[in-house]
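In my numbering, the protein residues as written are 1 to 390.
We put the CB at the ideal spot given by N, CA and C, even for glycine.
Following: one structure in structure tokens, then a few remarks.
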């Protein structure tokens with residue numbers, strides 16, 4: 001058995017070929033501030049570029065009313081934040097990089113950018129505490145308490161910064177929203193599945209952050225040195241609709257679009273058809289990429305941004321618990337199960353597939369054959385194997 005390894009630059013490498021070990025940690029308490037509300041507007045305001053202030057400039061301003069719930073300024077707080085900052089640089093940050101490309105912005109430039117943004121700085125703190133919690137069972141409750149304190153502070157400050165979206169702060173916003181997505185994946189991994197409800201809160205919360213990338217792209221498309229440019233172009237499907245939604249991608253999944261038997265005749269219109277087709281194309285495209293031996297890092301990035309790119313009507317169909325939508329979602333989670341080596345994903349895919357299989361009607365069980373096969377065989381993608389989706 002090949003074990004999980006770290007490459008020389010610190011990022012995780014998916015190389016497990018047989019059974020993985022799930023991270024055993026209690027579920028985090030929901031944040032008092034919901035990420036989804038930040039991006040709910042039809043269009044984010046874009047402001048003229050201006051030089052971001054560093055923390056020394058901002059600290060001279062009058063304390064804001066909403067900051068009263070923050071931990072009081074003290075020697076203990078300063079020491080805690082210094083420990084979290086150091087831990088992020090040495091442990092948590094490197095663990096977020098899924099490949100060499102992403103390590104370039106998760107590790108080296110991020111601490112410097114955090115000096116210009118409270119939202120990003122607090123994100124470093126909550127991510128450090130979250131990473132500590134998954135490896136320190138004895139003190140997990142305390143680590144998670146610290147995580148949620150700084151999570152709330154990060155979301156609050158991120159909301160303010162999003163309202164001032166500009167060329168100068170786009171790198172910061174992209175990094176902050178990406179760390180918040182990691183938290184939501186971790187929250188998904190730890191959630192209770194009894195009784196089972198589809199994870200539409202997670203899908204909407206992480207999906208709505210696509211507004212930053214889509215509306216920020218025109219600001220950086222001529223600046224290949226920016227982090228936002230690299231984050232977007234490192235995953236070509238973000239901008240390439242045909243690569244993401246092309247009809248050829250879903251050829252191996254057409255059985256999930258059949259409408260012949262009585263149980264398959266759900267309410268149907270052009271939007272529902274488009275939602276199912278484009279989602280299947282995205283999932284099928286990832287499977288094709290796996291069979292072309294694309295790197296686990298690239299596959300991981302495509303799976304991570306699935307909620308950002310999936311048709312919003314599909315999320316509605318999942319929330320309605322339509323069996324077809326649930327079966328399609330199970331195919332996504334089966335792919336995610338093959339990337340359990342990332343600590344913040346862990347056993348999520350397997351858990352969700354098995355839970356969906358428990359609640360989906362009997363007449364739809366045939367649609368669950370492939371997802372169940374993947375999780376029961378505990379297949380982990382290494383970038384080397386060929387397989388069939390059927």
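- Residue 329 and residue 214 have their C-alpha atoms spaced approximately 24 Å apart.
- The C-alpha of residue 171 is placed about 11 Å away from the C-alpha of residue 114.
- Distance check between residue 370 and each of 333, 121, 361 places 333 closest, using alpha-carbon atoms only.
- Taking residue 118 as the centre and dropping the five residues before and after it, the same chain places the C-beta of 157 closer than 6 Å to its C-beta, in chain order.
- For residue 375, the number of other beta carbons within 10 angstroms of its own is at least 16, and it is reported as buried.
- Note on geometry: alpha-carbon atoms of residue 76 and residue 146 lie some 13 Å from one another.
- In the structure shown, residue 224 falls within a coil segment according to DSSP collapsed to helix, strand and coil.
- Residue nearest to residue 100 within the set 231, 207, 344, 380 is 231 (criterion: CA-CA distance).
- Three or more Cβ pairs closer than 8 Å define a contact, and the segment 195 to 214 falls short of that threshold against the segment 262 to 280.
- Closest in C-alpha terms to residue 373, from the list 364, 335, 343, 346, comes 335.
- Rounded to whole angstroms, the separation of the alpha carbons of residue 236 and residue 109 is 23 Å.
- Per DSSP, the unbroken alpha helix (DSSP H) holding residue 174 starts and ends at 170 to 190.
- For residue 112, the uninterrupted alpha helix (DSSP H) segment begins and ends at 110 to 114.
- If you check the CB distance, residue 149 and residue 318 do not come in under 8 Å.
- Using a Cβ distance threshold of 8 Å, residue 249 and residue 300 do not count as a contacting pair.
- The residue from 324, 339, 204 with its alpha-carbon nearest to that of residue 367 is 324.
- Collapsing the DSSP output to three states places residue 373 in a helix.
- In its chain, beyond the 5 residues on either side, 154, 176, 179 have a beta carbon closer than 6 Å to the beta carbon of residue 123.
- The beta carbon of residue 91 sits closer than 7 Å to the beta carbons of 131 from its chain, once the five residues preceding and following it are set aside; these are given in chain order.
- Excluding five sequence positions before and after residue 210, the CB atoms of its chain that fall closer than 6 Å to its own CB belong to 308, given in chain order.
- Judged by DSSP in its simplified three-state form, residue 333 adopts helix.
- Straight-line measurement puts the Cα of residue 305 at about 22 Å from the Cα of residue 273.
- In the three-state DSSP reduction, residue 316 falls in the helix class (H, G or I).
- Under the 10 Å beta carbon count, residue 320 is surrounded by fewer than 16 other beta carbons and is classified as exposed.
- For residue 124, the enclosing alpha helix (DSSP H) covers residues 118 to 135.
- In the displayed model, residue 234 falls within coil according to three-state DSSP, outside both helix and strand.
- Residue 351 counts as buried, since no fewer than 16 other beta carbons sit within 10 angstroms of its beta carbon.
- Here the alpha carbons of residue 202 and residue 188 stand approximately 7 Å from one another.
- With respect to the C-alpha of residue 227, the residue from 239, 245, 278, 174 having the closest C-alpha is 174.
- In this structure, 190 is the residue among 302, 322, 190 with its C-alpha nearest to the C-alpha of residue 347.
- For residue 95, the uninterrupted alpha helix (DSSP H) run begins and ends at 93 to 96, by DSSP.
- Going by DSSP, residue 291 is part of the alpha helix (DSSP H) stretching over 270 to 291.
- Per the C-alpha coordinates, the member of 303, 127, 311 positioned closest to residue 290 is 303.
- In the three-state reduction of the DSSP assignment, residue 207 falls in the helix class.
- Each residue's CA atom was taken as its position, placing residue 229 and residue 165 some 15 Å apart.
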